[in-house]
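Structure first, then comments.
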Amino acid sequence: MAVKQRQKKRLLRKLLLSSRSNSRLWAALLALCIGTSLLLLSVMIWWNFQQLLEGKQDNDSLGSTFLTISKKVTDENMAKPKMTLFTDADIDALDHAPQVRDVGALTSNRFPVYATLNASFGFATEMFLEAVPDRFMDKKPEDWYWQPSSPEVPIILSSEFLNLYNYGFALSKGLPQLSESSIESLAFDLKVGAGENSQTYRAHVAGFSDRITSVLVPQSFIDYCNKVYANESYTPPSRLIARVADPSDKAFIQYLQSNNYTTNSEQLRWSRLRGVVEVVSSATGLLAILLLGIGALVFILFIELTIARAQHSLSLLLQIGYSPRYLGRFMMQHFFPLLLFTAALSMAIAVLVQMAAADWIKQLHLNLPQWPGLPVWGALAVSTVILLVLVSRSIIRAIGRTT
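For the sequence shown, counting from 1, position 111 maps to 242 in our numbering; every step adds exactly one.
In structure tokens, the structure reads:
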């Protein structure tokens, strides 16, 4: 039985496929391969950008996931500081805003704070303190805790403050510039409160933050001092920190604008980059669809031309008992593997490109998956199924003309 089947297929191949033009076939397959590869590339560009924005890997989502949000100070509310504070309703609404995954409050000091170094430095200043939930910190020192019996208060400074001091204040005043390690080695006095209701603590800089522009202390310290040394009752927060999945999302940006909220505009720069990525991805996708269409058209025309040239042989085969369905299945078994080969080759190219992109992006201290995501595989499956359906219909239609 197997020998007869092989003999039948050899006879059909000789009668139906002997007059094909390989140059046209390979040109069609090349167009299909390039078109499919470009289609997968366009989906990969969009998908990888989403991965970086959403921070699903261990990266910091291009530094834009965490946004410090405050109410904009205008001519109308500049004399009404309470209007720039966030109520519980404001915080809850922001927590349910588009793209927002988590919200925390920056708790500020409600008591006087005065920091002094020793006399040899001759440096003293009033300052402010804030605390933020630990889950929002980018760098958490090992000694980041405090209780009333603790010998020292750990402090985290914004890296921007150090830059402003070194390249602005220190140079203009003839003061020595300081490195991070030199500042961390210094201890200083932190006086909180005023008059008899005051206390002096030893403090040290435990680290620097690139995410939050503030002077941070442990939440337990700020809560304790606000309770003991504050001159006024509870004050709602004036700044919030939000973890945002996609800060470039138009709905999120519109939410900020409609509520008169402000954040670092540089943190929203990805909204412009998102537009560029969408244009590049769309243009690549349109080019891919065009090439796929041309390749599919040439491939289908090649099949119909092959069947038309074998019309006499088809008529003879039908007369001796071969059914149109059997002949159509034979043609599909010949041409379908070619389509599947181009799809597999395109996917292999996409995998190599994804691996190369993942390795390259590591140099920027970001992470991407080594393998393409489900949208890429879905695009490959959909395009392949569409091509198989079009080819099968063209074969059935071409054979039907001879009956």
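Ideal Cβ placement from N, Cα and C applies to all residues, glycine included. Keep in mind that this is a model prediction, so the values were computed, not measured.
Of the residues SER316, ASN395, LYS493, the one whose Cα lies closest to the Cα of LEU248 is SER316.
At a Cβ-Cβ threshold of 8 angstroms, LEU237 and PRO367 do not count as neighbours. Given a length threshold of 4 residues, each whole run of the alpha helix (DSSP H) inside the stretch 201 to 281 is given here in chain order: 219 to 226. As DSSP reads the structure, GLN330 sits in a beta bridge with VAL323. Distance between ILE200 and PRO243, taken at the CA atoms: about 24 angstroms. Secondary structure within the stretch 452 to 478: not one fully enclosed alpha helix (DSSP H) run of 4 or more consecutive residues is present.
Taking 8 angstroms as the cut-off, the Cβ atoms of THR196 and VAL375 count as close.
The Cβ neighbour count for ARG342, taken over all protein chains shown within 10 Å, is at least 16; the residue is labelled buried. Secondary structure of HIS496 (DSSP, three-state): coil. VAL348 has its alpha-carbon roughly 59 angstroms from the corresponding atom of LEU423. When rounded, the separation of the alpha-carbon atoms in ALA529 and ILE480 is 33 angstroms.
The Cβ atoms of THR473 and SER173 lie no closer than 8 angstroms to each other.
In this structure, TYR355 lies near PRO279, with their beta-carbon atoms less than 8 angstroms apart.
Separation of TRP275 and LEU260 (C-alpha to C-alpha, rounded to the nearest whole angstrom) is 15 angstroms.
Within the same chain, Cβ atoms closer than 7 angstroms to the Cβ of PHE319 are found at ALA246, THR247, LEU248, ALA334, the five residues on either side in sequence being excluded. When the alpha-carbon of LEU288 is set against those of LYS304, TRP277, LYS271, PRO282, the nearest one is in LYS271. Under a 10 Å Cβ-count criterion, LEU447 is classified as exposed, with fewer than 16 other Cβ atoms of the shown protein chains found around its own Cβ.
With at least 16 other beta carbons inside 10 angstroms of its own, PRO378 counts as buried.
Nearest to ALA382 by alpha-carbon distance, out of GLU207, PRO229, LEU216, MET214, is PRO229. For ASN357 and LEU499, the gap between their C-alpha atoms comes out near 43 angstroms. Here GLY338 is buried, its C-beta having at least 16 other C-beta atoms within 10 Å. In the structure shown, the three-state DSSP call for TYR392 is strand. Here the stretch 159 to 172 lies against the stretch 417 to 431, with 3 or more beta-carbon pairs under 8 angstroms apart. About 5 angstroms separates the Cβ atoms of VAL234 and ALA373, confirming a contact at the 8 angstroms cut-off.
With a cutoff of 8 angstroms on beta-carbon distance, LYS203 and ASN395 are scored as not near each other. A contact is defined here as three or more CB-CB pairs under 8 angstroms, and the stretch 290 to 301 fails this definition with respect to the stretch 216 to 227. GLN182 and ALA439 have their C-alpha atoms roughly 50 angstroms apart. Scanning MET486, LEU470, ALA489, GLY531 for the CA closest to the CA of LEU511 turns up LEU470. Here PRO468 is exposed. Its C-beta has fewer than 16 other C-beta atoms within 10 Å.
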